[in-house]
Amino acid sequence: MKIIDCILYSDEIELLEVRINYLKESVDYFVLATGNRYHSSAKKQNDFSKEIQLAYNEGVMLFIVEVDFTKFKIWNFFNLFWKRRLPHYSETIQRSFAVDKIKEDFDSKDLLMFSDVDEIPSIKFIDTFGEEGQSQAP
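Take our numbering: the last position of the sequence shown gets the number 184, and nothing is skipped along the way.
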């Protein structure tokens, strides 16, 4: 059983470094789910060079998600409503893409953790999972 940490990520390189350094002894793979736009729909200018270097150094798998905002804009007529829903829409697309990619590369017995970059799981909790993915906690 492999342990996979899938992270919703948006340019928080310092938090990502802290998370990886804290979890790298307990987690087998890190997957970054990110988009080419911010939740506000502004285009990201990041070339992901820092993340790619971190991936190379630490064994992080990096996926860059192309979020299609145009479908959502057409469906909504009012800009206010659209802006209120956009973060949820973009997060849903990123999660779906990441899960699809993980299904291609990992086994159904592997343990998948999914959270924002600042929601760092406890090593004690991760280490309670046995070889079969069942919690061994008392």
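Here a beta-carbon is modelled for each residue, glycine too, at the ideal position from N, C-alpha and C.
Exercise. Looking at the unbroken alpha helix (DSSP H) that takes in SER95, where does it start and where does it end?
Worked result: Residue numbering aside, residue 95 sits at position 49 when the sequence shown is read from its first letter. Per DSSP, SER95 belongs to the alpha helix (DSSP H) from 95-104.
Exercise. Going by DSSP, what residues sit across from PHE160 in a beta bridge?
Worked result: By one-based count along the sequence shown, residue 160 stands at place 114. PHE160 pairs with CYS52.
Exercise. Along the chain, where does the alpha helix (DSSP H) that runs through PHE171 open and close?
Worked result: Numbered from 1 along the sequence shown, position 125 holds the residue referred to as residue 171. The continuous alpha helix (DSSP H) containing PHE171 extends over residues 169-172.
Exercise. If you run the structure through DSSP and keep just helix, strand and coil, what is PHE76?
Worked result: Along the sequence shown, one-based indexing puts residue 76 at 30. Collapsing the DSSP output to three states places PHE76 in a strand.
For this session: For GLY105, count neighbouring C-beta atoms within 10 Å of its own C-beta (all shown protein chains included) and say buried if the count is 16 or more, exposed if not.
Result: Walking along the sequence shown from the start, residue 105 turns up at place 59. Residue burial annotation: GLY105 is exposed, with fewer than 16 other C-beta atoms found within 10 angstroms of its C-beta.
For this session: Report back the beta-carbon spacing between ASN92 and ASP57 to the nearest angstrom; my notes put them in contact at under 8 Å.
Result: Reading the sequence shown from its first residue, position 46 is the one you call residue 92. Reading the sequence shown from its first residue, position 11 is the one you call residue 57. Contact flag correct, Cβ pair sits at about 6 Å.
For this session: For TYR55, collect the residues of the same chain with a Cβ closer than 7 Å to its Cβ; drop the 5 residues on either side in sequence, then sort them by chain order.
Result: Here residue 55 is taken as the residue at index 9 of the sequence shown, counted from 1. Closer than 7 Å at the Cβ level, and outside the excluded window around TYR55, lie LEU62, LEU78, ALA79, THR80, VAL163.
Exercise. Cα-Cα, which of ASP151, PRO167, ILE166 is closest to LYS48?
Worked result: As a first step, residue 48 must be located in the sequence shown, where it is residue number 2. Among ASP151, PRO167, ILE166, the Cα nearest to that of LYS48 belongs to ASP151.
Problem set entry | SER161 versus SER95: straight-line alpha-carbon distance, rounded | Walking along the sequence shown from the start, residue 161 turns up at place 115. Walking along the sequence shown from the start, residue 95 turns up at place 49. Our two residues, SER161 and SER95, have alpha carbons roughly 23 Å apart in a direct line.
Exercise. Starting from GLU60 and walking both ways along the alpha helix (DSSP H), at which residues does that stretch end?
Worked result: The count along the sequence shown starts at 1 and reaches residue 60 at position 14. That run of the alpha helix (DSSP H) goes 59-69.
Exercise. Apart from the five residues on each side of it in sequence, which residues of its chain come closer than 7 Å, Cβ to Cβ, to SER72?
Worked result: The count along the sequence shown starts at 1 and reaches residue 72 at position 26. The residues are ILE49, ILE169, ILE172, ASP173.
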